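*Asks:* In our numbering, the protein residues as written are 12 to 226. Glycine is no exception: its CB is placed at the ideal position from the N, C-alpha and C atoms. These figures come from a predicted structure and were not determined experimentally. Submitted below is the structure of interest, expressed as structure tokens.
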């Protein structure tokens, strides 16, 4: 995988502003919400992600824009390259006007890589978490234990919040250090002050922020 992050900032920003009447999409892909997918569609997507997880990393041009992140690991996967790109450009693409266009470009790159290098024929699915605000995020069907089409259930402190089921339970991720995926879900993330700006209501639940009436 080879993509220049700094160049892409300018490319993406201008390409969506300037109209191009010569470029017509005859058959646009339709992205589906996770629970709208058939089990075989979920499996196809997860198999492609696993394929990327076992593919050696490509050539990544670092911006070194974000201080304090772990060093780049040359023994990693192409999936890990996407993770590191998101870390490397954090201060440029999260706290500026580039947030929306950069992440749209980033997801498109991820989708295209799954298709071109891992034979994925579908579109990148998404999770509409507002549908789970009433029953509780922890009850969402996206947390499924199936080894073929599940993302894994929510683990507990007994396993140090390391997942033990689902399609990715035995796959090692490279950052911040080699580990099996951990998922320490909390309904009140603002208690720990996770962002460089203050939240007034530290007791607010995460589900409150994306409930339909708040959207």
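1) By the DSSP assignment, the alpha helix (DSSP H) with residue 203 in it spans what residues?
2) Indicate the three-state DSSP secondary structure (helix, strand or coil) for residue 145 in the structure shown.
3) Taking only three categories from DSSP, how would you classify residue 64?
4) Determine the burial state of residue 125: buried for a count of at least 16 other Cβ atoms within 10 Å of its Cβ, exposed for fewer.
5) For the region 130–141 against the region 44–62, are there 3 or more C-beta pairs whose distance is under 8 Å?
6) Mapping DSSP to helix, strand and coil, what is residue 190?
7) Does the pairing of the region 137–152 with the region 84–96 give three or more beta-carbon distances under 8 Å?
8) In chain order, which alpha helix (DSSP H) runs of at least 4 residues are fully inside the region 97–152?
9) Considering just the uninterrupted stretch of the alpha helix (DSSP H) at residue 220, what are its terminal residues?
10) Taking a contact to mean a Cβ-Cβ separation below 7 Å, would you say residue 187 touches residue 67 in this structure?
11) Can you tell me whether residue 116 is buried or exposed? The criterion is at least 16 other CB atoms within 10 Å of its CB, across all chains shown.
12) Can you tell which of 165, 157 and 160 has the C-alpha that lies nearest to the C-alpha of residue 148?
13) How many angstroms separate the CA atom of residue 180 from the CA atom of residue 190?
14) Could you say which of 99, 174, 94 and 49 lies nearest to residue 78 if we only look at CA atoms?
*Replies:* So, from the data block:
1) Premise fails: residue 203 is in no alpha helix (DSSP H) and is neither H nor E.
2) coil
3) helix
4) buried
5) yes
6) strand
7) no
8) 101–104 and 110–129
9) Segment 217–220, the alpha helix (DSSP H) holding residue 220.
10) no
11) Buried: at least 16 other Cβ atoms inside 10 Å.
12) 165
13) Whole-angstrom Cα-Cα distance: 11 Å.
14) 99
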